[in-house]
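K.L.:
Please read through the structure below; I'll follow up with questions.
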Amino acid sequence: PGTLVTGKMIAALRRLGFDKVFDTNFTADLTIIEEGNELLKRVKEGGKLPMITSCSPGWIKFCEHFYPDLLDHLSTCKSPQQMFGALAKTYYAETAGIDPKDIVSVSIMPCTAKKFEAQRPEMASSGYRDVDYVLTTRELGRMIKEAGIDFESLSDEDHDAPMGEYTGAGTIFGATGGVMEAALRTVYAVVTGKDLPSLNITPVRGLEGVKEAAVEVGPLGNVKIAVAHGLGNARKLMDKIREDKADYAFIEVMCCPGGCISGGGEPIPTNNEIRLKRSAALYKDDGSVQKKRQSHENESVKKLYEKFLKEPLGHKSHELLHTHYIKRGAEMPHKNDE
-4 PGTLVTGKMI
6 AALRRLGFDK
16 VFDTNFTADL
26 TIIEEGNELL
36 KRVKEGGKLP
46 MITSCSPGWI
56 KFCEHFYPDL
66 LDHLSTCKSP
76 QQMFGALAKT
86 YYAETAGIDP
96 KDIVSVSIMP
106 CTAKKFEAQR
116 PEMASSGYRD
126 VDYVLTTREL
136 GRMIKEAGID
146 FESLSDEDHD
156 APMGEYTGAG
166 TIFGATGGVM
176 EAALRTVYAV
186 VTGKDLPSLN
196 ITPVRGLEGV
206 KEAAVEVGPL
216 GNVKIAVAHG
226 LGNARKLMDK
236 IREDKADYAF
246 IEVMCCPGGC
256 ISGGGEPIPT
266 NNEIRLKRSA
276 ALYKDDGSVQ
286 KKRQSHENES
296 VKKLYEKFLK
306 EPLGHKSHEL
316 LHTHYIKRGA
326 EMPHKNDE
């Protein structure tokens, strides 16, 4: 736990037979661009606030069941996994000259709920299913062992272009508070034209259940934010919104304690000691490994907008990168109805 093995994982995936290996952190950066602009649009145009993050599928399903009256608070952005899949069948297919029907998109995730998310009927806006298969990190580990690959002896390899580049902001998505921190870096830059005085927004880090902070964002003034991880803590914030006692502009919610680093598909065991080691590795990747730390600095994402999407929240973005949610309700079937 706490060791960065991205390069070895890429090498292992190629040995398992994958033709191209990209990185979901690329679309984590893209999510930040779309989500940051969505937040600014809501703030400026009087949209529904607080806006709540939408990248944790366990959280989304929970919200659909137990807070269907608050679904319009959710960001319409698809998760990085689903954005990636949509672009694999469109942007990448076009760039590489491949028929989308011949592309099989497989994501490797720390999260078992990603399997459900990939099968949601609305996740096929390109005419093809965004993501065809989801493997958990634990399943990948099993596959590597069964294939007889000596993981530790593998040399690091790089991602393929054009969807492999990512910034430090993209990598911290996996820790609670990471989406919020990444978004604020970009929102501040978009609004003020400058970098945040410190890119480390420490009040949103750590394993405290609910974290609150206020960040000065130029002409927008003090932007109040909150971060919750674990569904019990999410309930506290959602109940405050229902009672009209939540004066936040932006809320991040992760279903799993600690964030994606302790997802249901991660290696066992997962406890607070391991969570801290895993999150420390992500912050190390952000702080000292990646040369760029803000999503809007990602050159491959800039090219994506230039060549394909044109602009954040534009027509193509809405078609491929945004979604809607379903009011499921919390009612359980009666025995006589089963």
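For the sequence shown, the numbering used here gives the first residue as -4, with consecutive numbering after it. By construction, the Cβ of each residue, glycine as well, lies at the ideal position given by its N, Cα and C atoms.
Tell me, which residues are paired with valine 218 by DSSP?
P.N.:
What you label residue 218 is simply residue 223 of the sequence shown in a count that begins at 1. Note: valine 218 sits in a beta bridge opposite Val210.
K.L.:
Is the region 109 to 121 in contact with the region 303 to 320, if contact means three or more CB pairs nearer than 8 Å?
P.N.:
yes
K.L.:
Helix, strand or coil for methionine 158? Go by DSSP, reduced to three states.
P.N.:
The residue labelled residue 158 in the question sits at position 163 within the sequence shown. Of the three classes helix, strand and coil, the one that applies to methionine 158 here is coil, per DSSP.
K.L.:
Using beta-carbon positions only, say whether histidine 291 and threonine 181 come within less than 8 Å of one another.
P.N.:
For the purposes of this step, residue 291 is identified with residue 296 of the sequence shown, where counting begins at 1. For the purposes of this step, residue 181 is identified with residue 186 of the sequence shown, where counting begins at 1. Using a Cβ distance threshold of 8 Å, histidine 291 and threonine 181 count as a contacting pair.
K.L.:
For serine 102, which three-state DSSP category applies?
P.N.:
Indexing the sequence shown from 1 puts residue 102 at position 107. Residue state, collapsed to three classes: strand.
K.L.:
Where does alanine 223 fall in DSSP's three states?
P.N.:
For the purposes of this step, residue 223 is identified with residue 228 of the sequence shown, where counting begins at 1. Reduced to three states, the DSSP call for alanine 223 is strand.
K.L.:
Can you have a look at isoleucine 263 and say buried or exposed, based on whether 16 or more other CB atoms are within 10 angstroms of its CB?
P.N.:
Your numbering for residue 263 matches position 268 in the sequence shown. By the 10 Å Cβ count, isoleucine 263 comes out exposed.
K.L.:
Does the contact criterion of 3 or more C-beta pairs under 8 Å hold for the region 82 to 100 versus the region 298 to 309?
P.N.:
Contact check between the region 82 to 100 and the region 298 to 309: three or more CB pairs, one atom from each, fall below 8 Å, which counts as touching.
K.L.:
Classify glycine 260: buried if its beta carbon has 16 or more other beta carbons within 10 angstroms, exposed otherwise.
P.N.:
On the sequence shown, position 265 is the one that residue 260 refers to. Result: buried.
K.L.:
With tyrosine 183 as the anchor, note down where its alpha helix (DSSP H) starts and where it stops.
P.N.:
One-based indexing of the sequence shown puts residue 183 at position 188. Looking at the DSSP string, the run of the alpha helix (DSSP H) that includes tyrosine 183 is 173 to 187.
K.L.:
When the Cα of methionine 46 is compared with those of Glu30, Leu299, His68, which residue comes out closest?
P.N.:
As a working note, residue 46 is residue 51 in the sequence shown. Closest by alpha carbon: His68.
K.L.:
How is the beta strand (DSSP E) around glutamate 128 delimited, first residue to last?
P.N.:
The residue given as residue 128 occupies position 133 in the sequence shown. For clarity, residue 128 is tyrosine in the given sequence; the question names glutamate instead. That run of the beta strand (DSSP E) goes 128 to 131.
K.L.:
Helix, strand or coil for serine 193, going by three-state DSSP, please let me know.
P.N.:
Here residue 193 corresponds to residue number 198 of the sequence shown, with the count starting at 1. For serine 193, the three-state secondary structure derived from DSSP is coil.
K.L.:
On the three-pair Cβ rule with 8 Å, is the region 243 to 252 touching the region 210 to 223?
P.N.:
Contact check between the region 243 to 252 and the region 210 to 223: three or more CB pairs, one atom from each, fall below 8 Å, which counts as touching.
K.L.:
Apart from the five residues on each side of it in sequence, which residues of its chain come closer than 8 Å, Cβ to Cβ, to tyrosine 161?
P.N.:
One-based indexing of the sequence shown puts residue 161 at position 166. If we look at tyrosine 161 and ignore the five residues flanking it on each side, its Cβ neighbours are Asp18, Asn20, Phe21, Ala23, Asp24, Gln285, Asn293.
K.L.:
I'd like the ranges of any alpha helix (DSSP H) spanning at least 4 consecutive residues and lying wholly in the region 229 to 288.
P.N.:
If we require 4 residues or more, the alpha helix (DSSP H) runs fully inside the region 229 to 288 come out as 267 to 279.
K.L.:
What is the rounded straight-line gap between the Cα of aspartate 94 and the Cα of alanine 88?
P.N.:
Your numbering for residue 94 matches position 99 in the sequence shown. Your numbering for residue 88 matches position 93 in the sequence shown. Across the structure, aspartate 94 and alanine 88 are spaced so that their CA atoms are roughly 6 Å apart.
K.L.:
Examine the Cβ distances between the region 138 to 147 and the region 1 to 17 and report whether three or more of them are shorter than 8 Å.
P.N.:
yes
K.L.:
From the DSSP output, in three-state form, read off leucine 8 for me.
P.N.:
Mapped onto the sequence shown, residue 8 falls at position 13. It is helical.
K.L.:
Residues in the same chain with beta-carbon distance under 8 Å from lysine 330, minus the five sequence neighbours each way, listed in chain order, please.
P.N.:
Taking the first residue of the sequence shown as 1, we reach residue 330 at position 335. Because the pLDDT of lysine 330 is 47, which lies under 50, any placement of that residue in the model is unreliable, and the number read from its coordinates should be weighed accordingly. Same-chain partners within the cutoff: there are none.
K.L.:
Give every residue of the same chain whose Cβ lies closer than 7 Å to the Cβ of leucine 8, excluding the five residues on either side of it in the sequence, and list them in chain order.
P.N.:
Within the sequence shown, the letter at position 13 stands for residue 8. Val16.
K.L.:
Rounded to the nearest angstrom, how far is the Cβ of glycine 282 from that of glycine 122, given a contact under 8 Å?
P.N.:
As a working mapping, residue 282 is identified with position 287 in the sequence shown. As a working mapping, residue 122 is identified with position 127 in the sequence shown. In fact, because the Cβ distance is near 41 Å, the residues do not count as touching under 8 Å.
K.L.:
With a threshold of 16 other CB atoms inside 10 Å of the CB of lysine 73, please say whether the residue is buried or exposed.
P.N.:
To locate residue 73, count along the sequence shown from 1; it is residue 78. Per the 10 Å Cβ criterion, buried.
K.L.:
Taking glycine 225 as the reference, which of Ala209, Asp234, Val248, Pro105 has the closest Cα?
P.N.:
Along the sequence shown, one-based indexing puts residue 225 at 230. Among Ala209, Asp234, Val248, Pro105, the Cα nearest to that of glycine 225 is on Val248.
K.L.:
Going by the DSSP bridge assignment, what does leucine 44 pair with across the sheet?
P.N.:
Within the sequence shown, residue 44 is the residue found at index 49, counting from 1. Under DSSP, leucine 44 shares a beta bridge with no residue.
K.L.:
Could you tell me which of Val212, Asp151, Ile256 sits nearest to lysine 189, measuring between CA atoms?
P.N.:
Position 194 of the sequence shown, counted from the first residue, corresponds to residue 189. Selected option, being the one with the closest Cα: Val212.
K.L.:
Which residues in the same chain have their Cβ closer than 6 Å to the Cβ of leucine 66, if we skip the five residues on either side of it in sequence?
P.N.:
Here residue 66 corresponds to residue number 71 of the sequence shown, with the count starting at 1. For leucine 66, where only same-chain residues beyond five positions count, the Cβ hits under 6 Å are Tyr320.
K.L.:
Going by the CB atoms, is the gap between alanine 223 and lysine 231 shorter than 8 Å?
P.N.:
Here residue 231 refers to the residue found at position 236 of the sequence shown. Here residue 223 refers to the residue found at position 228 of the sequence shown. Yes, the Cβ-Cβ distance between lysine 231 and alanine 223 is below 8 Å.
K.L.:
Of all the options His310, Asp239, Arg270, which has the alpha carbon lying nearest to the alpha carbon of lysine 43?
P.N.:
Position 48 of the sequence shown holds residue 43. Per the Cα distances, Asp239.
K.L.:
Looking only at its own chain, which residues have a Cβ that is under 7 Å from the Cβ of aspartate 280, when we skip the five neighbours before and after it?
P.N.:
Here residue 280 refers to the residue found at position 285 of the sequence shown. Within the same chain, aspartate 280 has close Cβ partners Leu(-1), Gly163, Thr166.
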